[in-house]
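Engineer:
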Amino acid sequence: MFDIDIDYYDEVTSTNEILRQMALDGAKPGKTVVAWKQSAGRGRLGRTFESPEGGIYISMLLPADSSMTLTAKAGVAAKRAIEEVTGKRVQIKWVNDILYKGRKVAGILAQGLGETVVVGIGINFNTDMGALGPELKDSASSLYNSWEEPDSDAMDLVNSLVRHMYALAGDDDPSWLREYKGASAVTGKKVKVFQAGRQTGSGVVTEIDDNCALHVLDEKKGEMILSTGEITIRLD
Ligand code: BTN
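FYI, this note's numbering numbers position 17 of the sequence shown as 4, with every residue one higher than the one before it.
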């Protein structure tokens, strides 16, 4: 359905930024940028995304969809690819962090651009945790330790991720949604809800609905329904 065309770079500022520029210059859905290092990787909520060697940084150009759906589909694509290629089982922490053994190993940033969306995924493949900021010490991890020889290939992971993402983007069958809900690391868990950097609630996650919104039964306010964007969930 898409004419997939991948450019590889050793290092860029940000694959999302490079692809955004390509889209402004006329690139079509299917255009994909992969880098093995980023000097100015972007994360959600205006944060930087530490992107040292050992990681996989990839951006794909897709036709516009609800950004919530594309972001959730990207989570499913990343989960499928990681499990297929590495054999490691991962979970999705709403809305789109990928966790391995309870720690974040991949993040997703979708940025709308007219009739297209740039979906960027960063995966800590065999990243040296010492190269990440100290604030990530307890929450982030890598699929493989930097000192190990991985028993899977980063290029296979790129190819699998691209295949799953473009297939899901053109897929109207909602079975991916069951997969997304089933992979949730937070359903049934007690969480604190942060919006715009401020705690606004605390309670148990009761469900993720068909719009990928998170339902939290707050101890004081009752049901909170959270959409994508400026919300951070912190597990107790
Ligand atoms: C997050 O967890 O805050 C989202 C991180 C998204 C990082 C990826 S790496 C590839 C692409 N290029 C970027 O600059 N950001 C995304």
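Think of the CB as a built atom: it goes at the ideal place given N, C-alpha and C, for glycine as much as any other residue.
To the nearest whole angstrom, what separates the beta carbons of Ile(-9) and Val149, a pair I think is in contact under 8 Å?
Structural biologist: With 8 Å as the limit, Ile(-9) and Val149 qualify as a contact, their Cβ atoms being about 6 Å apart.
Engineer: Quick check: is any heavy atom of the ligand BTN less than 8 Å from the C-beta of Arg29?
Structural biologist: yes
Engineer: With respect to 8 Å, is the separation between the Cβ of Gln78 and the closest non-hydrogen atom of the ligand BTN below this value?
Structural biologist: For Gln78, the distance from the CB to the nearest heavy atom of the ligand BTN is not below 8 Å.
Engineer: If I follow the unbroken beta strand (DSSP E) through Val203, where does it start and stop?
Structural biologist: Under the DSSP assignment, Val203 falls in the beta strand (DSSP E) whose first and last residues are 201 to 205.
Engineer: With a threshold of 9 Å between beta carbons, is Glu71 in contact with chain C?
Structural biologist: Absence of chain C from the displayed structure is noted, only one protein chain being present.
Engineer: Counting beta carbon pairs with one atom in the segment -10 to 10 and one in the segment 25 to 40, are three or more of them shorter than 8 Å?
Structural biologist: The segment -10 to 10 and the segment 25 to 40 touch, with three or more beta-carbon pairs separated by less than 8 Å.
Engineer: Decide if Leu201 is buried, meaning its Cβ has at least 16 other Cβ atoms within 10 Å, or exposed.
Structural biologist: buried
Engineer: Within the continuous alpha helix (DSSP H) that includes Asp(-6), where are the two ends?
Structural biologist: From DSSP, Asp(-6) is part of no alpha helix (DSSP H) but of the beta strand (DSSP E) over -8 to -4.
Engineer: Looking at the ligand BTN, does it come within less than 8 Å of Glu40, judged from the CB to the closest heavy atom?
Structural biologist: no
Engineer: Counting only the same chain and skipping the five closest in sequence on each side, list residues whose C-beta sits under 8 Å from that of Thr19.
Structural biologist: Ile(-9), Asp(-8), Ile(-7), Asp(-6), Leu6, Ile45, Ser46, Met47, Leu48, Val149
Engineer: In the structure shown, what three-state DSSP assignment does Ser214 receive?
Structural biologist: coil
Engineer: Touching or not, the segment 106 to 114 and the segment 122 to 137, by the rule of three or more beta carbon pairs under 8 Å?
Structural biologist: Of all C-beta pairs linking the segment 106 to 114 to the segment 122 to 137, three or more are shorter than 8 Å, placing the two stretches in contact.
Engineer: Classify Leu32 as buried or exposed, calling it buried when 16 or more other Cβ atoms lie within 10 Å of its own Cβ.
Structural biologist: exposed
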